[in-house]
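Participant:
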Amino acid sequence: MTKMANIKPTHFNWRMEGDVAVISLDRPDRKNPLTFDSYAELRDTFRDLVYADDVKAVVFGSNGGNFCSGGDVHDIIGPLIKKDMKGLLEFTRMTGDLVKSIIGCGKPVIAAVDGVCVGAGAIIAMASDLRLATATSKTAFLFTRVGLAGCDMGACAILPRIIGQGRAAELLYTGRSMSAEEGERWGFYNRLVEADVLEAEAITLATRISQGPNFGHMMTKTMLAQEWNMSIEQAIESEAQAQAICMQTEDFNRAYTAFVAKEKPVFEGN
């Protein structure tokens, strides 16, 4: 297994809180836009997390009062105007690979959203497993406002599953901001918290999850993604197989032993 607790990324912030990795973009003066380099490094980092046994959960947080302002106008959008079709497709596939890597990393990912969360930033929040936000957060899938389609980085597949087809269609067609209150009411945000405790609340939630059966969590995340394309019958069979696999883990034995002893189980992820 890979050890990732002490990695030193170049294009975003990374620190460990116990066995929870805390990530944030590091350009608060510009509301944390993404660049070609940060896209690629984030993609590669989430891919590597599949093999990391020293990271149990991830918090993708805000920095300087904002989450992410999307692709940098000067560093990304300007150069894209000059690319040919091959270069454009290479870029759009890379951005999609970031979403795939977040979904496929095997670790629960919690987005802690403050302030601006737009474009690719909204997509990162969408691709996370859980989302906390502040009352002042503004989330927009604003691709149509720059002359593009709303179908970016999986938005037309994933967003309707979170908030419903009609609500997703409105946001993707208009590019308007979804308020924090709407986001919570529609189920995009699990809950709203005060800005001064946002990161702490996200870390607390991530830590609580990380103390559970981490092999089981990996299986839950896998099933949540895979069952999108299954019939009910296929999903039930897949979950039967997944649960039978989990019943072979030591954590399953630990839970039973602790229950019999009337103790709280201590899971070790195997």
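Per full-length UniProt numbering, the very first residue in the sequence shown carries number 1; after that it's consecutive. Yeah, the Cβ is synthetic: ideal placement off N, Cα and C, and Gly gets one too.
Per DSSP, which residues does E17 bridge with? Please list them.
Facilitator: V20
Participant: Find out if the Cβ-Cβ distance for the pair V113, A135 is shorter than 8 angstroms.
Facilitator: no
Participant: Compare the C-alpha of T10 against each of P28, D19, A40 and name the closest.
Facilitator: A40
Participant: Would you give the residue range spanned by the beta strand (DSSP E) that R27 belongs to?
Facilitator: Unbroken run through R27: none, as it is neither H nor E.
Participant: Spatial neighbours of S177 within its chain, please: C-beta separation below 6 angstroms, excluding the five flanking residues on both sides.
Facilitator: K138, A140
Participant: Return the first residue and the last residue of the beta strand (DSSP E) that I123 is part of.
Facilitator: No beta strand (DSSP E) contains I123, which is instead part of the alpha helix (DSSP H) from 120-127.
Participant: Report yes if the CB atom of F36 is closer than 8 angstroms to the CB atom of I7, and no otherwise.
Facilitator: no
Participant: With distances taken Cα to Cα, identify the nearest neighbour of D72 among D29, V22, G87.
Facilitator: D29
Participant: Just verifying my parser: in three-state terms, what is the DSSP assignment at I76?
Facilitator: helix
Participant: Within 10 angstroms of its Cβ, does P108 collect 16 or more other Cβ (buried), or is it exposed?
Facilitator: It is buried - the Cβ of P108 has at least 16 other Cβ atoms within 10 Å.
Participant: Using a Cβ-Cβ cut-off of 6 angstroms (strictly less than) and excluding sequence neighbours within five positions of N66, which residues of its own chain qualify?
Facilitator: K31, N32, G115, V116
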